[in-house]
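Quick notes on the structure that follows.
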Amino acid sequence: MKTFPLFLAGLLATVLSTASFADDVQVAVAANFTAPMKAIAADFEKATGHRAVLSFGSTGKFYAQIKNGAPFDVLLAADDETPAKLAHENGIVPGTCFTYATGKLVLWSATPGVVDAAGEVLKKGDFQRLAIAAPKLAPYGAAAVETMTRLGLYEALQPKLVTGDSIGQTFTFVSTGNAGLGFVALSQVYENGRIKSGSGWIVPAALHHPIRQDAVVLSHGKDNKAAAELMAYLRSEPAKAVIRSFGYDL
Numbered sequence: 002m003k004t005f006p007l008f009l010a011g012l013l014a015t016v017l018s019t020a021s022f023a024d025d026v027q028v029a030v031a032a033n034f035t036a037p038m039k040a041i042a043a044d045f046e047k048a049t050g051h052r053a054v055l056s057f058g059s060t061g062k063f064y065a066q067i068k069n070g071a072p073f074d075v076l077l078a079a080d081d082e083t084p085a086k087l088a089h090e091n092g093i094v095p096g097t098c099f100t101y102a103t104g105k106l107v108l109w110s111a112t113p114g115v116v117d118a119a120g121e122v123l124k125k126g127d128f129q130r131l132a133i134a135a136p137k138l139a140p141y142g143a144a145a146v147e148t149m150t151r152l153g154l155y156e157a158l159q160p161k162l163v164t165g166d167s168i169g170q171t172f173t174f175v176s177t178g179n180a181g182l183g184f185v186a187l188s189q190v191y192e193n194g195r196i197k198s199g200s201g202w203i204v205p206a207a208l209h210h211p212i213r214q215d216a217v218v219l220s221h222g223k224d225n226k227a228a229a230e231l232m233a234y235l236r237s238e239p240a241k242a243v244i245r246s247f248g249y250d251l
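Position 245 of the sequence shown, counting from 1, maps to 246 under our numbering, and the rest follow consecutively.
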């Protein structure tokens, strides 16, 4: 009679044990955080065995979906107001909310030389379309409106505005050339410490309220171990390194 090698038996037991404790966590992720969260989710699965199932979109739309019963366990919002609103409505697990990143706004064009280093192109108005995210749905859109208002340019630029449902759609407008330039999230165009293509002006933080992005465990995820472990992992040094690499502040 053949016996199963002990080391293989131990390995199989370990695999089965890990699989039995692994779980999925449904995560609603603000569109600006798409690239870093894909990287973090892959690292999280390697580190814990848990799988983060990611959905990307605007924070405003996610709020509506959550209120209508969407089975998300965790929300990574593009602001701090939406998680606070959900907390007031008893829609979260108390004590789980924290700021995972502070976003930066950038005026960006896919074409080199279009956007100058001081954003003076906005005053010159030498373009046909300027893309922004819907200010009522996307915090980066609200920050764009606030920036133009503080510069005294909002009324003059309104006829040129093209509005995306999310910062992801706004980026698509600009990257495909359907809009000559637009206000997008720095994380969408940032790599290795610089804007990776086209031309851009990183908007000074003084021109809009801080884009504090909060994470929270939703009521649906209160008994999901993977949700709690994902929140802990987002605070880990490996996750923070990824977040910084995309131009966010912590």
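Positions of the beta carbon are idealized from the N, C-alpha and C atoms, including for glycine.
- For D215, the CB contacts under 6 Å within the same chain, skipping 5 residues up- and downstream, are A78, D81, P84, C98, T100 in chain order.
- For G70, no alpha helix (DSSP H) segment is defined, and its DSSP state is neither H nor E.
- Annotation for Q129: no beta strand (DSSP E) segment contains it, and DSSP assigns it neither H nor E.
- For Q214, no alpha helix (DSSP H) segment is defined; the enclosing uninterrupted segment is the beta strand (DSSP E) at 212–218.
- Secondary structure in the segment 123–205: the alpha helix (DSSP H) runs of 4 residues or longer, each lying completely within the stretch, are 140–151, 155–158, 168–176 in chain order.
- Apart from sequence neighbours up to five positions away, no residue of its chain approaches L152 with a beta-carbon distance below 6 Å.
- By a beta-carbon distance limit of 8 Å, G61 does not contact A186. Their separation comes to about 15 Å.
- In this structure L251 is exposed. Its beta-carbon is surrounded by fewer than 16 other beta-carbon atoms within 10 angstroms.
- Under DSSP, the beta-bridge partners assigned to L106 are A186.
- Per the coordinates, the alpha-carbon of A88 lies some 44 Å from the alpha-carbon of K125.
- Taking the Cα positions, L131 is about 44 Å away from D224.
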